[in-house]
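Read the structure below first, then the notes.
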Amino acid sequence: MLTIENLHAQVEGRAILKGIDLDVKAGEVHAIMGPNGSGKSTLSSVVAGNEDYEVTKGKILLKGKDLAEFNPEERAHLGVFLSFQYPVEIPGVTVTNFIKTAINANRKAQGMDEIPASELLKKIREKSKMLGIDSKFLSRSLNEGFSGGEKKRNEIFQMAMLEPSLAILDETDSGLDIDALKIVANGVNKLKGKSNAVVVITHYQRLLEYIVPDFVHVLFDGKIVKSGTKELAHELEAKGYDWIKELA
Amino acid sequence: MEFKEKLISSHLAFEEDLDLFDTVHETRANALKIFEKKGFPSKRDEAWKYTSLDSLINQDYSLFPKSEISIELKEVKKYFLYDTDTYKIIFIDGVYSPFLSNTTHDGLDVCLMSAALSKPKYRKIIDNYFNKILPNEDSLTALNTSYAKEGAFINIPKNTIAEKPVEIIHFSSGKEESLWLQPRNLIVLDRNSQVQIIERHQSLKTHPVVTNSVTEIYLHNDAFLDYYKLQNDLTSASLIDNTFIQQEKNSHASVHTFSLGGKLIRNNLKFFHRGENILSTLKGVTILEGKQHVDHSTLVHHSKPNCESHQDYKGIFSERSEGVFNGQILVDKIAQKTNAFQQNNNILLDDKATINSKPQLEIFADDVKCSHGCTIGQMDEEALFYLRTRGIPKKEAKALMTYAFANNVLESVKLPSLKKRINGQIANKLGVNLGFEL
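These protein sequences, in sequence, are chains A and B.
Numbering-wise, my numbering puts 236 at position 236 of the first sequence, and it's gapless, one number per residue.
Numbering-wise, my numbering puts 288 at position 40 of the second sequence, and it's gapless, one number per residue.
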């Protein structure tokens, strides 16, 4: 699904990613953990195609395609989805209109007709119910005045609607109470299947209780310094990140 | 001969077939003197600091179209909001087109200014209202007054609701090489009456047209006005719109101005209060490109207590386009408990685009709520990236954000088909089809 080879990236001349290798296969869940400032969010931005970051070396391949050739919307059309750590507020555009525009843009890129209104409504009903989203919420302006938890839930709602092949969840657990965390995790688990993959980026082990990873990687100073299975996450929770720094 | 001289020397010919014993003749003659003395405004005038008329007045225009032009309905139908179900007052090259219009005298008057100025039954209205709220020393309104003869006349009697909106449309056919038009509108809403009006100016061919329009509107107690100005003309057409609104007790007047096309547009929009509990609303969306220039110059003069005004203007400027917003709020000492708010938000999409925004609040009362806010910024790149990660292409994402930015103004448009029309025009201008209306 996703292969990252020796990825180096910088922002404003400052190197942040310093040689990352990662191989995520379809059907897998990978967790990327690490202390603040280790490059976790940069990695997700770079995969999604944020033009503020410059890839100086290495490659990102999605289903064998070199993502360097694609802009953010084209990456989305190929199946990349990024759940933002800080979703942007867009006053004046309702959640429903936004999701309709996004779905139709993706369909257009696949050469499909616009989604029939009845199908869209059915899907919205189904996915919002799954995530415990009130229908009133859907006619509000996108993220405007949403609580932290509502924003994150809305991100997962968009993911459920767009059904990406690769979902990157950037600190989706921050700002969520335990009930919301369970609902969000449940939404992610429902999406999970043989033909797609999930990358969970998180500082804490908490979310991984509910979205159980197949592999855990520890990122420090722009490099993956340790990889393992879900037990590694428990170890990090127990011991903190200091011992990791010594591995670097 | 300079164009100013031509305007003065042509006046005799203009008045040839008009009644010289009429009081209106005197009004015209006095107005001409003011224009003769003042001439066209220049950048030396504070109110015209950012808008120059030089490029318009340094050439010649026909003042009187040679003959009546006929246009086929199918050529212009697309500019009508509705095929039927509106009153229509339609002019071609400044001349009334009975064929395209749909006027009425049934319970209300939707007809011609020339009729109101000449028929005895309207004498009282003309005496009471014609040229009564214009600033005395303003040269462009004086110029319009000196040539006042034709335009729309709307008179809504008390306790009457105009069941259909009124469309006032000025077409220029292109038959004249270049044309200077001066429509004069008078709109009177008697007590507890209501009307919705849509006004537009439209060239059918690319040729120089300048319209110097004056509209006087009077709202009596409890009257309700909803006025929409659609400015989406060809880039060869310019418009100087002077609209003056006088409101009495408990009246509501709202004016939306959509400036999407044209060469140079100046909107002078001024509200005067003559009673308490008045609401005045001024909203605008301006989306410009190329070398277009739009100047909104507004005034709300609060001269009575307990009144409210809202101004909300959004501007989006690309390429080398220029915007001006000069929003004036005047609160007299007597006008306590005034609520006056003003917002002007702008996005500059290109380095060469400019906006000059100047809020001007003069408050002499001490117990008021007044605020103004002005922003000038670029498109939010982070929001753009967010939309693009959802698969929305850059161009559509920009359009979506433009819509979102203008949404406050669009959502208060009360006529659904007008809203749809404006949505379409904006989408068209942005080169996208969003597939929904906000």
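We put the beta carbon where it would ideally sit given N, CA and C, even for glycine.
Drop a sphere of 10 angstroms on the beta-carbon of residue 462 of chain B, count the other beta-carbons inside from all chains shown, and report buried for 16 or more, exposed for fewer.
Residue 462 of chain B sits buried, since 16 or more C-beta atoms from the chains shown fall within 10 Å of its C-beta.
Are the beta-carbon atoms of residue 543 of chain B and residue 515 of chain B separated by less than 8 angstroms?
At the C-beta level, residue 543 of chain B and residue 515 of chain B come within 8 angstroms of one another.
Contact set between the segment 338-372 of chain B and chain A, restricted to residues whose Cβ is under 9 angstroms from the partner:
Against chain A - using a Cβ distance shorter than 9 angstroms - the segment 338-372 of chain B contributes no residues.
Spatial neighbours of residue 661 of chain B within its chain, please: C-beta separation below 8 angstroms, excluding the five flanking residues on both sides.
Beyond the five residues adjoining it in sequence on each side, residue 661 of chain B comes within less than 8 angstroms, by CB distance, of 476, 504, 667, 670 in the same chain, given in chain order.
Could you give the C-beta distance for residue 576 of chain B and residue 621 of chain B, rounded to a whole number, given that I count them as a contact under 8 angstroms?
Between residue 621 of chain B and residue 576 of chain B the Cβ distance is about 15 angstroms, and since that is not below 8 angstroms, they are no contact.
CB contact below 8 angstroms: residue 631 of chain B versus chain A
Yes, residue 631 of chain B lies at the interface with chain A (some Cβ there is under 8 angstroms from its Cβ).
What's the gap between the Cα of residue 229 of chain B and the Cα of residue 278 of chain B?
No statement about residue 229 of chain B is possible, as the shown extent of chain B runs from 249 to 686 and does not include it.
Counted within 10 angstroms of its Cβ, other Cβ atoms place residue 75 of chain A as buried (16 or more) or exposed
Under this definition residue 75 of chain A is a buried residue.
Pick helix, strand or coil for residue 357 of chain B, following the three-state DSSP scheme.
Here residue 357 of chain B carries a strand assignment [DSSP, helix/strand/coil].
In terms of DSSP beta bridges, what is residue 243 of chain A paired with?
Note: residue 243 of chain A is not bridge-paired with any residue in the DSSP secondary-structure output.
What are the start and end residues of the alpha helix (DSSP H) that includes residue 105 of chain A?
It spans 95-109 - the alpha helix (DSSP H) in which residue 105 of chain A sits, taken as one unbroken run.
Alpha carbon to alpha carbon, what distance is there between residue 38 of chain A and residue 10 of chain A?
Pairing residue 10 of chain A with residue 38 of chain A, the inter-Cα distance amounts to about 13 angstroms.
Check whether the Cβ of residue 625 of chain B lies closer than 8 angstroms to any Cβ atom in chain A.
It does not; no Cβ of chain A falls within 8 angstroms.
Test item: CB-CB of residue 72 of chain A and residue 92 of chain A under 8 angstroms
Not a contact, by the Cβ cut-off of 8 angstroms.
Residues bridged to residue 607 of chain B by DSSP?
Answer is B:575, bridged to residue 607 of chain B.
Boundaries of the alpha helix (DSSP H) in which residue 601 of chain B is found, first to last residue:
Counting along the chain, no alpha helix (DSSP H) covers residue 601 of chain B, and no H or E run does either.
Does chain B have any CB closer than 8 angstroms to the CB of residue 15 of chain A?
Not an interface residue.
Using the DSSP secondary-structure output, state which residues sit across from residue 531 of chain B in a beta bridge.
Residue pairing of residue 531 of chain B in beta bridges, as defined by DSSP: B:504, B:560.
Under a three-way DSSP split, which group does residue 423 of chain B fall into?
Three-state result, residue 423 of chain B: coil.
Residues bridged to residue 433 of chain B by DSSP?
For residue 433 of chain B, which the question treats as bridged, DSSP gives the partners B:463.
Tell me which residue opens and which closes the beta strand (DSSP E) that residue 520 of chain B is part of.
Following the DSSP letters along the chain, one finds residue 520 of chain B inside the beta strand (DSSP E) bounded by residues 512-521.
Mind checking if residue 686 of chain B is an interface residue toward chain A, Cβ cutoff 8 angstroms exclusive?
Unreliable placement is indicated for residue 686 of chain B, whose pLDDT of 44 sits below 50; the coordinate value is still reported in the next sentence. Yes, residue 686 of chain B lies at the interface with chain A (some Cβ there is under 8 angstroms from its Cβ).
Which residues in chain B sit within 8 angstroms of residue 92 of chain A, going by Cβ to Cβ distance?
The contacting residues are 651, 652, 653, 654, 655, 656, 686.
Hey, could you find the ends of the beta strand (DSSP E) residue 2 of chain A is sitting in?
Residues 2-11.
Is any beta-carbon of chain B found at less than 8 angstroms from that of residue 158 of chain A?
Interface flag for residue 158 of chain A against chain B is set, since a Cβ pair is found closer than 8 angstroms.
CB contact below 8 angstroms: residue 644 of chain B versus chain A
Residue 644 of chain B counts as touching chain A.
Can you grab the Cα-Cα spacing for the pair residue 579 of chain B / residue 588 of chain B, in whole Å?
Spanning the two alpha carbons is a distance of roughly 9 angstroms.
Nonlocal neighbours in the same chain, by C-beta distance under 7 angstroms from residue 381 of chain B, ignoring five residues either side:
Closer than 7 angstroms at Cβ, skipping near neighbours: 464, 492, 494, 520.
Could you round the C-beta distance between residue 27 of chain A and residue 194 of chain A to whole angstroms and report it? I think they count as a contact, below 8 angstroms.
Between the beta-carbon of residue 27 of chain A and that of residue 194 of chain A there is about 5 angstroms, and that keeps the pair under the 8 angstroms contact cut.
Chain-ordered residues of the segment 23-37 of chain A with a beta carbon less than 8 angstroms from chain B
Only those residues of the segment 23-37 of chain A whose C-beta falls short of 8 angstroms from the nearest C-beta of chain B would be listed, and there are none.
So, is the C-beta of residue 106 of chain A closer than 8 angstroms to a C-beta in chain B?
Residue 106 of chain A counts as touching chain B.
Once the 5 residues before and after residue 130 of chain A are set aside, which same chain residues still bring their CB inside 8 angstroms of it?
Cβ within range, chain order: 160, 186, 187, 190.
Return yes when at least one heavy atom of the ligand ZN lies under 7 angstroms from the C-beta of residue 40 of chain A, else no.
The ligand ZN is absent from the structure shown, which contains no ligand whatsoever.
Under the three-state DSSP convention, the category residue 678 of chain B falls into
It is helical.
Proximity test, Cβ basis, 8 angstroms: residue 116 of chain A and chain B:
Judged by the 8 angstroms Cβ criterion, residue 116 of chain A is not in contact with chain B.
Among B:471, B:354, B:420, B:488, which one has its Cα closest to the Cα of residue 389 of chain B?
Closest by alpha carbon: B:488.
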